[in-house]
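J.: Here you go, one structure.
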Amino acid sequence: MKKFICFLLVSAVLTTALPSFAIDRYERKSISYINSLWVATPEAKNVELGQIDYMLETVKENIEMERFDYNPLPESLLRNFINAANADSKLSVKEIAELMEAELAPVIIEILEQAVPERGKELVSEEMERRASVIKQKTSGITVEEIVKVMNAAYIYLPVLTGYKEKAKDNDNYSYTIKGGIIWFHVGFRDDVPFVELKVAKTTRSMGFGSKKHAYKSAVRNFARNLKVATQDVPEFKLQAQIAEVDGSDITFKLGKKEGIRVDDCFYIGEWMQDSRAKVTFEKTGWVRIASVADNRENKIAISSAYTVKRGDLGVGMTVVEHPRLGIDIAVKPGLFATKVSDGSILFPYDTKESESMAFGMDIDAQYNLAPGTGIRQLFFLIGGHISLPSVEFDETYYDSPQPFIWGFHGGFFKRMYLSSQHSLTFEAIGGLRYFSISTTVTDGFTDETYILSNNTGGGQISLGYDYATSANINFGFTAGMKFYGKSDIWTATDSDGNDYPFDHPVYPFPEIDLSGVTFGIYLHYSPPSLAFDPIDMVRGMMGS
């Protein structure tokens, strides 16, 4: 019997000389999904039914982006796959993908082989339903509507849960760890023969902290966000377009709200090249970030603009290709921080001399890009922590002098202003709390109790900097600023159980700590494709959410 061909994504069928992603503009992909979260291991089966529903909905909200069209995969096609998967109590993402390829692919191929559309023409629903009716006569247990859905699918995804761990730290605080991934299959034709092949299997790990409800939802949201970026990073799913105009360091192209692009999204500039062996690669010459997003949902000719970060070769007709990232940067900022300590005694025998030093330490920040919501380029909200080691002079005693340490946390804003190719100025303003602390052990009878003695103060810091974009993911820079923290002679003691005891002493005056003054250092900003947890959610969990 002669085999007739139905391709679910017409544009991909017409692209025979090059891979489907090596084209000058993005073609919308038709997506189907198995409407379930596959729980693949005994460990993962500890998850509750309501938790599965929330996880599935959250994953779908993140995966089903504006760039796709959607159809759920008929459950009647899944019988063989479900039976085979249930026969094994523990499966990895890779093993589930292999089962799908063995059990699900033949069913879909059988349907496609019997479909009879004309190549190069858009399939109208009436014609598809007529052909589906013919197939229905040869296929038992599958409805005409379900067959049409298969004929309209080009990619199929299945979210998988392989690990789930709930840990109660106490009655109010929990931690959750979720492991799993997403499997993508490509449905298409090669040499007029239909195929269903494994495209990619992405895995990720996510954690959440805080109250039971908050910790679980935080882990799930972060899990789904990681899978979203992993999906955007699949070559066929990356947005791309030809450069329509070049005006100095600005360019325009035909992508917009219809495809879901946002201010500050990163795109590489380059050209598709084919070598003598017909291998096609995208040769990058630079990168840009979105400056303005056009509303092309109604106005089909609306164009968005972008500003170049690294210019490289740039011209009309070249291609921009999406470089997806979370929108959360991690900043590591080692430096020196002014510290002043007055005369005093910290629970004899630790007597301090008046001294000034530059404490060596670092800030570690998570920077959330606010540009998609505000339209202001390279504006970030940040939260972070601080640790440093001041040099403090102690009077001679019969005891070893302890090493004080300064720690704290802060929040604020960071702004980057690009001046020219890869070069920018930065401004940062933060506010938070700092703790000048010393660990000491007190003997009470025959019991040794360890206390953390801390001087607490609040304040802020402003900094200016220069940075250089070494790549689309990494910025390196120098910074200098001023700290403004109130002087404090108020001390507290914290025992090993976490209980705080404000204290004073009538004989031994405590030293006054002043953390105001200059600061300078270097920093490294990194834009990751995934994170193990959401930093803001973690802080909220620590504060009782």
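Counting in this note's numbering, the sequence shown runs from 112 upward without gaps. We put the beta carbon where it would ideally sit given N, CA and C, even for glycine.
1) As a quick exercise: from E467, G397, M654, R488, pick the residue whose alpha carbon is nearest that of A580.
2) Which word fits E177, buried or exposed, when buried means at least 16 other C-beta atoms lie within 10 angstroms of its C-beta?
3) Determine the closest residue to K165 out of E212, R190, K598, A335, with distance taken between C-alpha atoms.
4) Can you tell me where the beta strand (DSSP E) holding Y562 begins and where it ends?
5) Which residues does DSSP list as the beta-bridge partners of A591?
6) Measuring CA to CA, which of V374, G359, G371, A352 is closest to K365?
7) May I ask you to list the residues that DSSP assigns as paired with A449?
8) Quick one: what does DSSP say Y165 is sitting in, helix, strand or coil?
9) Which of the three DSSP states, helix, strand or coil, is assigned to E347?
10) Please look up how many angstroms separate the CB atoms of V150 and N191, rounded, as I've assumed it's under 8 Å.
11) Look at F348 and V431 and say whether their C-beta atoms are less than 8 Å apart.
12) So the candidates are D180, S627, D199; which of them puts its Cα closest to the Cα of A265?
13) Return the residue from the list G321, D645, K171 that minimises the CA-CA distance to A279.
14) Considering only DSSP beta bridges, list what V657 is partnered with.
15) In this structure, how does DSSP classify K324 when only helix, strand and coil are distinguished?
16) For A643, I'd like the list of residues in its chain whose CB is within less than 7 Å of its CB, leaving aside the five on either flank, ordered along the chain.
17) Helix, strand or coil for P435? Go by DSSP, reduced to three states.
18) According to DSSP, simplified to helix, strand and coil, what is I294?
19) For T288, which residues of its own chain have a beta-carbon under 6 Å away from its beta-carbon, when the five flanking residues on both sides are left out?
20) DSSP three-state label for V650, please.
21) Suppose contacts are defined by Cβ-Cβ distances below 8 Å. Is A413 in contact with A405 by that definition?
22) Given a threshold of 16 other Cβ atoms within 10 Å of its Cβ, counted over all protein chains shown, does T169 qualify as buried or as exposed?
23) Where S582 and L544 are concerned, what is the direct C-alpha to C-alpha distance, given to the nearest angstrom?
24) Given that a residue counts as buried once 16 or more other Cβ atoms are within 10 Å of its Cβ, and exposed if not, what is R436?
25) Cα-Cα, which of W295, K313, E159 is closest to A667?
T.: Short version:
1) Residue G397 is the option with its Cα nearest to A580.
2) Counting C-beta atoms within 10 angstroms of its own C-beta, E177 has fewer than 16 neighbours from the protein chains shown and is therefore classed as exposed.
3) The amino acid occupying residue 165 in the given sequence is Tyr; Lys does not appear at that position. Here the closest residue by C-alpha is A335.
4) Its beta strand (DSSP E) spans residues 558-580.
5) Answer by DSSP bridge pairing, in chain order: L575, F631.
6) Cα-wise, what sits closest to K365 is A352.
7) Beta-bridge partners of A449 (DSSP): M469.
8) Residue state, collapsed to three classes: helix.
9) DSSP, reduced to helix, strand and coil, places E347 within a helical segment of the structure shown.
10) Not a contact, Cβ separation roughly 19 Å.
11) Contact flag unset, no.
12) For A265, the closest alpha carbon among the candidates D180, S627, D199 is that of D180.
13) Checking every option, the nearest Cα to that of A279 belongs to G321.
14) Since the first residue shown for the chain is 112 and the last is 656, residue 657 is missing from the structure and cannot be characterised.
15) K324 carries a helical assignment under DSSP once its states are collapsed to helix, strand and coil.
16) The answer, listed in chain order, is R316, S317, M318.
17) Three-state result, P435: coil.
18) Residue state, collapsed to three classes: strand.
19) Excluding residues up to 5 positions away in sequence, K276, M318 lie with their Cβ nearer than 6 Å to the Cβ of T288 in the same chain.
20) Of the three classes helix, strand and coil, the one that applies to V650 here is helix, per DSSP.
21) Cβ atoms of A413 and A405: closer than 8 Å.
22) By the 10 Å Cβ count, T169 comes out buried.
23) Their backbone Cα atoms lie some 33 Å apart in a straight line.
24) By the Cβ neighbour-count rule, R436 is buried, with 16 or more other Cβ atoms within 10 Å of its own.
25) Beyond the ends of the chain as shown, which are 112 and 656, falls residue 667; an answer cannot be given.
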